[in-house]
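For reference, the structure is listed below as structure tokens.
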Amino acid sequence: MARLLQLDASAAVEGSTSRSLTAAFAAAFAAVPGNAVVRRDLHAEPVPHLPHPQLHWAAPLRSGSAPAAAGEALQEALIAELLAADVLVVGYPLYNYSLPSSLKAWIDHVHVPGRTAPSAGSPLAGRPAVLVATRGGDYGPGAPNEGRDLATPVLELVLGEEMGMDVSVVACQWTLAGNGPDREERVRRGGLERAAALAAVRELGSRLR
């Protein structure tokens, strides 16, 4: 049996493209006999900001005052949940070109040098992580917003390079196609983007273990 951890960070509970794509991934994954899905909604049940600086480190590497037991217990629960997963899927929109703060708080709890990093000794090394990034407009080559997705590189760095996970990215652009000029063309392109992203997450969800 394989286990999926599905994370959603969009503040939009209804009509969210990232949520619909992670749901499609999870449905394809769950359709394989024996597979199980664990879902954490980081917006509905937000993880607090890291409450103590020593939680950034594994216990043997800490110095100074000790973190409170409650903060340490939450961190342990989040790390255990991640370690129990064979596959991770993370859905997030761009907020001000960057990560939703709820997702950043989760990252701060689970990226722990001496425990889940560096990649050479990470217990997560080689496990698949699928990033489902949704972008309101065009961030592709030559577009005014090219290179302004500041969220995905952070996740690729932390989950991939630091924690050793095998990262794939599924990006869906033009999710706010109904706003602004040239609406008809934007909506057309947005529809194509969503169809391609949906096909990609379904294929990955049915294949990854």
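Sequential numbering of the sequence shown, starting at 1, is according to UniProt numbering.
Beta carbons: idealized from backbone N, C-alpha and C, even for Gly.
Asked: Look at the alpha carbon of GLU184 and the alpha carbon of GLY178, and state the distance between them as a whole number of angstroms.; Found: 8 angstroms
Asked: Just verifying my parser: in three-state terms, what is the DSSP assignment at LEU124?; Found: coil
Asked: If VAL187 and SER102 are in contact, beta carbons under 8 angstroms, what's the gap, nearest whole angstrom?; Found: Rounded, the Cβ-Cβ distance is 29 angstroms, inconsistent with contact.
Asked: Along the beta strand (DSSP E) that carries VAL201, what are the first and last residues, could you check?; Found: Segment 183 to 207 is the alpha helix (DSSP H) holding VAL201; no beta strand (DSSP E) there.
Asked: Which partner residues does THR134 have in the DSSP bridge list?; Found: PRO93, CYS172
Asked: Quick check on this structure: which residue in ARG62, VAL38, LYS104 has the alpha carbon closest to the alpha carbon of LEU82?; Found: VAL38
Asked: How about the region 54 to 63 and the region 136 to 143: do they share at least three Cβ pairs that are nearer than 8 angstroms?; Found: no
Asked: For the alpha helix (DSSP H) holding VAL37, just list the boundary residues, first then last.; Found: From DSSP, VAL37 is part of no alpha helix (DSSP H) but of the beta strand (DSSP E) over 36 to 41.
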